[in-house]
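As numbered in UniProt numbering, residues 1 to 303 make up the sequence shown, in order.
From the three backbone atoms N, C-alpha and C, an ideal C-beta is built for every residue, glycine too.
All remarks here apply to the structure that follows.
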Amino acid sequence: MATLDGRVAIVTGAGQGLGAAEAAALAAAGARMVLNDLPGPALDAVVERIRTAGGTAVAVPGDVADMATGEALVKAAVDGFGGLDVLVNNAGVLRDRMIFSMSEQEWDTVVRVHLRGHFVTTRFATAWWRDRSKDEGGPVYARIVNTASEAFLLGSAGQANYAAAKGGIVSLTLATARGCARHGVRVNAICPRARTGMTGELMGPPPSGPDPMAPDRVAPLVVHLAGPGGARITGEVFVVHGGVVALLGPPTVRSVFRAATGTWTATELDAALGTVFTAEQPRPGFVCEETLPLAATTFGEPS
Numbered sequence: 001m002a003t004l005d006g007r008v009a010i011v012t013g014a015g016q017g018l019g020a021a022e023a024a025a026l027a028a029a030g031a032r033m034v035l036n037d038l039p040g041p042a043l044d045a046v047v048e049r050i051r052t053a054g055g056t057a058v059a060v061p062g063d064v065a066d067m068a069t070g071e072a073l074v075k076a077a078v079d080g081f082g083g084l085d086v087l088v089n090n091a092g093v094l095r096d097r098m099i100f101s102m103s104e105q106e107w108d109t110v111v112r113v114h115l116r117g118h119f120v121t122t123r124f125a126t127a128w129w130r131d132r133s134k135d136e137g138g139p140v141y142a143r144i145v146n147t148a149s150e151a152f153l154l155g156s157a158g159q160a161n162y163a164a165a166k167g168g169i170v171s172l173t174l175a176t177a178r179g180c181a182r183h184g185v186r187v188n189a190i191c192p193r194a195r196t197g198m199t200g201e202l203m204g205p206p207p208s209g210p211d212p213m214a215p216d217r218v219a220p221l222v223v224h225l226a227g228p229g230g231a232r233i234t235g236e237v238f239v240v241h242g243g244v245v246a247l248l249g250p251p252t253v254r255s256v257f258r259a260a261t262g263t264w265t266a267t268e269l270d271a272a273l274g275t276v277f278t279a280e281q282p283r284p285g286f287v288c289e290e291t292l293p294l295a296a297t298t299f300g301e302p303s
């Protein structure tokens with residue numbers, strides 16, 4: 001596991017599930033931790049768990065989508081530990097509903113926590129790294145690990161808000177990777193599968209033995225991307241669960257059609273597109289289902 005001795009890391013959504021596992025793993029690798037979640041005993045317990053194991057951690061509770069919280073997280077890292085090296089954006093919520101039944105609040109809450117929450121912390125972290133890069137005259141050590149989801153690949157039917165937010169996080173990852181590369185910032189996204197409080201009902205109860213979908217199985221990749229090995233990786237998207245790490249490829253062009261005269265007519269379009277779209281009952285085509293069989297069992301189905 002990559003060493004993070006002396007590094008400083010922020011983890012959002014650190015009070016439980018994936019965030020707690022990632023925070024503990026980063027601390028075990030030597031990072032000094034600034035942890036965020038809504039205020040309460042869950043976040044305090046993770047801080048205490050890290051300290052008991054010999055690590056260093058402080059809590060900065062608050063709404064991750066508030067600009068003041070993002071500013072406070074970076075300030076806590078810089079003022080308390082002398083800098084910032086790693087940002088892990090993990091905070092999230094679910095408000096599952098079919099699109100035709102979804103309320104305005106259900107949409108806004110999910111997009112706000114996931115997508116805006118990623119923006120807020122990224123905005124302050126990258127601004128600090130840019131200033132350090134200018135002061136030092138070159139790239140600095142800077143890592144961001146964002147949390148997307150296979151929901152954006154599959155277009156999850158009952159999660160239009162969640163899938164849209166996760167797709168936005170992938171785009172934010174790519175734009176940040178491009179825009180901040182010269183300052184040394186490396187930005188990647190993970191699509192994790194893990195049995196947590198947020199996914200427990202979907203995945204069902206854990207098996208009697210070791211749980212292949214335990215959040216701890218995701219943490220090693222996060223530590224690697226946050227560590228020295230992450231220097232060579234940016235603008236990538238990984239699916240990770242159990243013993244699997246899958247690197248996604250970018251979208252590809254399926255077919256190209258060209259108008260004979262440079263301007264399409266309705267008849268020509270129908271003839272051209274009709275060579276591809278022939279099914280009587282169409283189904284969404286811009287999806288990626290290749291990740292589904294990577295795990296023998298995920299959602300309680302027999303292996």
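* Nearest-angstrom Cα distance between HIS114 and ASP66? -> Looking at the two C-alpha atoms, the distance is approximately 12 Å.
* **Straight-line Cα distance separating TYR162 from ASP96** => 8 Å
* By Cβ distance, which residues of its chain are closer than 8 Å to TRP129, with the 5 residues on each side in sequence left out? -> Only LEU84, VAL140, ALA142, CYS180, HIS183, GLY184 and VAL185 meet the Cβ criterion.
* To do: Can you give me the Cβ contacts of SER156 inside the same chain, cut-off strictly under 6 Å, excluding the 5 residues immediately before and after it?
  => ALA163
* Asked: Which residues bound the beta strand (DSSP E) around ALA12?
  -> For clarity, residue 12 is Thr in the given sequence; the question names Ala instead. According to the DSSP assignment, THR12 belongs to the beta strand (DSSP E) that extends over 8-12.
* To do: Please name the residue, chosen from PRO220, THR234, PRO192 and GLY229, that lies closest to residue 305 on a Cα-to-Cα basis.
  => The first residue shown for the chain is 1 and the last is 303, placing residue 305 beyond what the model contains.
* Pick out whichever of VAL8, GLU136 and ARG112 has its Cα sitting closest to the Cα of MET33. => Checking every option, the nearest Cα to that of MET33 belongs to VAL8.
* To do: Would you check if the distance between the CB atom of PRO61 and the CB atom of PRO41 is smaller than 8 Å?
  => No, these two residues do not count as a Cβ contact at 8 Å.
* Give me the Cα-Cα distance between SER255 and VAL93, rounded to the nearest whole angstrom. => Those two C-alpha atoms are separated by around 37 Å.
* So what's LEU35 in DSSP terms, helix, strand or just coil? -> Of the three classes helix, strand and coil, the one that applies to LEU35 here is strand, per DSSP.
* Secondary structure of residue 310, DSSP reduced to three states -> What the structure shows of the chain is the stretch from 1 to 303, and residue 310 is not part of that stretch, so it cannot be assessed.
* **ASN89 versus THR3: straight-line alpha-carbon distance, rounded** => 20 Å
* Following the continuous alpha helix (DSSP H) through GLU71, name the residue where it begins and the one where it ends. => For GLU71, the enclosing alpha helix (DSSP H) covers residues 67-81.
* **Residue interval of the beta strand (DSSP E) (run including ILE50)** => Segment 41-52 is the alpha helix (DSSP H) holding ILE50; no beta strand (DSSP E) there.
* Asked: Are the beta-carbon atoms of PRO220 and THR196 separated by less than 8 Å?
  -> Result no, Cβ atoms of PRO220 and THR196 do not sit closer than 8 Å.
* **GLY300 burial status per 10 Å Cβ neighbour count (16 or more: buried)** => Note on GLY300: pLDDT 49, under 50, position unreliable in the model; no value is reported.
* In the DSSP assignment, what are the bridge partners of GLN159? -> ARG97
* Asked: Alpha carbon to alpha carbon, what distance is there between LEU35 and VAL47?
  -> A direct Cα-to-Cα measurement between VAL47 and LEU35 gives close to 8 Å.
* **VAL145 beta carbon less than 8 Å from that of ASN188** => yes
* Note down, in chain order, each residue of its chain lying with its Cβ closer than 8 Å to the Cβ of PRO302, except the 5 sequence neighbours on either side. => Unreliable placement is indicated for PRO302, whose pLDDT of 45 sits below 50; no coordinate value is reported for it.
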